[in-house]
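Have a look at the structure below, then the notes.
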């Protein structure tokens, strides 16, 4: 192990190189986007013009719904294919839950069970996806952090909150290769989330953003949450959400939504007030390009070939530089877009030290409600966007920053 | 003029033909969509992949904003190019006005000037666009109908309401070739709407849906509302809205929004909570295809060549069959998508009689808040979608239905 003077010398060398690197953004690299370029060379044939380019199909093109139903794990009649962003879908669902009565009930989240003075509250597994929290913050929804374990959200906390907190209206979940921990929920956790007793208007946003974003040969498998909810008599609990942002294009992709028939009827009314139909041309292109779930999986193997060496690079540097140093650990994910690094009491300091040497990291605490990580421990690393060489270079600076912060 | 027995005989003949025809939908015909087909054959070049297919640009692609700024009549830095539907944009603006504090103020529409018990109220020129009303109805916004005159909304009513109604938060306007009357607001009306004194959070949705949808050589011109508002010190009053739904594609088109810098800063925060970037590939295709405002106008001349004969057909049949019959009149528009037919006291009856002979019309009253036309007068005719021959056939049945209802 290097002595601290060596650490300082190496850090100073990196600093002197004056490179600036960015590990903040969980976005696909140019190389990844290039493999989906053929999708954007597909013509809409003349014969399809009347069907694809006019108003209509506010819940998506039938063949796109058929393609993505198995992706979400719901029947095609429960599948919607919507705009270009699943975040927009989740945002709108929250808005609609706040402003309009829930299916089968006389009240909305805003007037939750008639208790006007209470703020609706959601459970937020932490660390979690910052944009989930942004939605809550924006609309005055209180957030209860639920610590993540290696099996998913701590179900003791979930159970306690669901049983005792009258204002509890819903929960955010990233069940597979969770943003940012990389954790996949255990079968036991998934089953309990589906079957536990809750208030009737309680909703779980099952944000399956990394459904097919495996980094290993054996993908993590989880039970079908939609079916489990249905079987437990809780069909309306689940909003199953997905997108092709990290499959085809982050901006010109498709948002996917699976929901019960009661939720569907409820949401169609909301859609009628806001849209004249989906972008069916783009949905049609996606169907031609991806064809079926095997097509999706084949494309994801190409993504993986580009992305996997970067995750390996991150893990190697962390192992080489930080193994055996007390007060620091990390999670090597089996899928998804992030690596989580934990340095309790020093996360902010590490991010600052790294920035002084030109490496931009996501602000410490960003994965917690209101940006507050009480342990000041968590750092989110996003290695997909920069080239491999940059990732390895940046990670050395991150590792040295950790050692400087810890003085070890 | 034919005697009533002749009218009945002709109606019976039409009925016997058992054709079913639909004049309900203000949508482009297959022939119109065909002229924009080349847009959907445009490839995204490989060199543009990194810029177009990743996250970012939540207010639109810079060159798309530059193209559509003169369309909206606002500076490019006040222009946003958003999703595939201007209805979605107006819907979201209303939601954001209801849920978040207005720029420079401490309250939202929902807590309008601190008066919690009052329902926010909007002015709705009638007859108007039904989807504007749907948004109000859905979110509990009260609607005050303002009669349309040949110059636009009756400004005496507007003035009275703006001065006296404390709950008044905004107004819907379709300033050019208005849906469904075809009326273009006079310069005097536009100027007064921009300069009149209102509460600070008051907003006008300037839904310029038919900006370039002229049917005559000399287009109707109106003063620049955005500039007038700015000059009067009311820059934040105006949301200028447009779309390419009836230019390129109704579903794969673009939504356009012009707004003041204060509104822009306010709305960017709202967008951040709901989107990861616009569909830049589609925006880029639009820029290649339309190029500039001259390109837009050239395309609209092609649309007009298809659409104009249908409007002429409607006017001819109405003139031939109904001229001189008291208790009925109509407006021949100089642009837009609709013809308005008025049969006071008999609109519902006419729609019913026409339906018995196979002609589907928009339900009478649909253009009024909550579907209630107090005079039971207005019938909206949408001649763009069916082939010319069908339009003429259907219009004969409509005319005969009017005569049967009136007994003349």
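Chains as they are written, first to last, in my numbering: chain A, 1 to 408; chain B, 1001 to 1408. Beta carbons are placed, not taken as given, at the ideal position from N, Cα and C, and that holds for glycine.
Sequence-distant residues of the same chain with beta carbon closer than 6 Å to residue i, five excluded per side
i	result
residue 328 of chain A	322, 343, 402
residue 276 of chain A	55
residue 1025 of chain B	1382, 1385
Beta strand (DSSP E) segment containing residue i, residue limits
i	result
residue 1134 of chain B	Segment 1130-1138 is the alpha helix (DSSP H) holding residue 1134 of chain B; no beta strand (DSSP E) there.
residue 1330 of chain B	1329-1331
residue 1170 of chain B	1168-1173
residue 106 of chain A	Residue 106 of chain A -> no beta strand (DSSP E), and no H or E assigned at all.
residue 6 of chain A	Run containing residue 6 of chain A: none in the beta strand (DSSP E); it sits in the alpha helix (DSSP H), 4-16.
residue 1147 of chain B	1142-1149
residue 55 of chain A	No beta strand (DSSP E) holds residue 55 of chain A; DSSP gives it neither H nor E.
residue 125 of chain A	121-126
residue 1342 of chain B	1339-1342
residue 81 of chain A	79-81
Limits of the unbroken alpha helix (DSSP H) element including residue i
i	result
residue 1207 of chain B	No alpha helix (DSSP H) contains residue 1207 of chain B, which is instead part of the beta strand (DSSP E) from 1203-1207.
residue 1397 of chain B	1388-1406
residue 238 of chain A	Taken as a continuous stretch (DSSP letters only), residue 238 of chain A belongs to no alpha helix (DSSP H), being part of the beta strand (DSSP E) at 238-243.
residue 378 of chain A	Looking at the DSSP string, residue 378 of chain A is not in any alpha helix (DSSP H); the run it does join, the beta strand (DSSP E), is 378-381.
residue 300 of chain A	293-322
residue 1049 of chain B	1049-1052
residue 1353 of chain B	1347-1356
residue 1034 of chain B	1030-1035
residue 1255 of chain B	No alpha helix (DSSP H) contains residue 1255 of chain B, which is instead part of the beta strand (DSSP E) from 1255-1259.
residue 159 of chain A	155-164
Outcome for residue i when other beta-carbon atoms lying within 10 angstroms are tallied against a minimum of 16
i	result
residue 372 of chain A	exposed
residue 1300 of chain B	buried
residue 1106 of chain B	exposed
residue 249 of chain A	buried
residue 1156 of chain B	exposed
residue 1198 of chain B	buried
residue 115 of chain A	exposed
residue 1230 of chain B	buried
residue 310 of chain A	buried
residue 1242 of chain B	buried
residue 333 of chain A	buried
Same chain only: Cβ atoms within 7 Å of residue i, ignoring 5 sequence neighbours per side
i	result
residue 236 of chain A	103, 260, 262, 263
residue 1392 of chain B	1313, 1317
residue 1304 of chain B	1214, 1215
residue 124 of chain A	132, 133, 143, 144, 145, 146, 172, 369
Option in the options with minimal Cα separation from residue i
i	options	result
residue 99 of chain A	A:191, A:215, A:270, A:130	A:270
residue 191 of chain A	A:296, A:225, A:283	A:225
residue 1350 of chain B	B:1405, B:1365, B:1166	B:1405
residue 1284 of chain B	B:1053, B:1029, B:1209, B:1218	B:1053
residue 149 of chain A	A:164, A:180, A:382	A:180
residue 331 of chain A	A:355, A:378, A:362	A:378
residue 19 of chain A	A:122, A:374, A:407, A:354	A:354
residue 1021 of chain B	B:1388, B:1408, B:1407	B:1388
residue 84 of chain A	A:254, A:376, A:302, A:326	A:254
residue 244 of chain A	A:324, A:4, A:346, A:87	A:87
residue 1175 of chain B	B:1153, B:1200, B:1012, B:1287	B:1153
residue 324 of chain A	A:399, A:347, A:286	A:399
residue 1220 of chain B	B:1336, B:1315, B:1161	B:1336
residue 1298 of chain B	B:1326, B:1212, B:1365	B:1212
residue 357 of chain A	A:7, A:14, A:6	A:14
residue 407 of chain A	A:91, A:113, A:345	A:345
residue 119 of chain A	A:166, A:256, A:295	A:166
residue 1050 of chain B	A:223, A:252, A:113	A:252
residue 1411 of chain B	B:1036, B:1038, B:1061	Chain B is shown only over 1001 to 1408; residue 1411 of chain B falls outside these bounds and no answer can be derived.
For residue j and residue i, believed in contact at Cβ under 8 Å, the rounded distance
i	j	result
residue 317 of chain A	residue 395 of chain A	4 Å
residue 145 of chain A	residue 158 of chain A	Wrong, their Cβ atoms sit about 11 Å apart, outside the cutoff.
residue 409 of chain A	residue 202 of chain A	The question about residue 409 of chain A has no answer, for chain A in this structure spans 1 to 408.
residue 289 of chain A	residue 1281 of chain B	That pair is no contact at about 13 Å.
residue 1081 of chain B	residue 1064 of chain B	4 Å
residue 246 of chain A	residue 28 of chain A	6 Å
residue 128 of chain A	residue 338 of chain A	Residue 128 of chain A to residue 338 of chain A, Cβ: 11 Å. No contact.
Same chain only: Cβ atoms within 8 Å of residue i, ignoring 5 sequence neighbours per side
i	result
residue 1069 of chain B	1075, 1076, 1078, 1079, 1258
residue 1122 of chain B	1136, 1141, 1142, 1143, 1144, 1168, 1169, 1170, 1171, 1172
residue 58 of chain A	268, 271, 272, 275, 276, 277, 278
residue 950 of chain B	The structure shown has nothing for residue 950 of chain B, since chain B only spans 1001 to 1408.
Note down, in chain order, all residues in the region 366-381 of chain A with a beta-carbon under 9 Å from any beta-carbon belonging to chain E. Protein chains A and B are contained in the structure displayed, whereas chain E is not.
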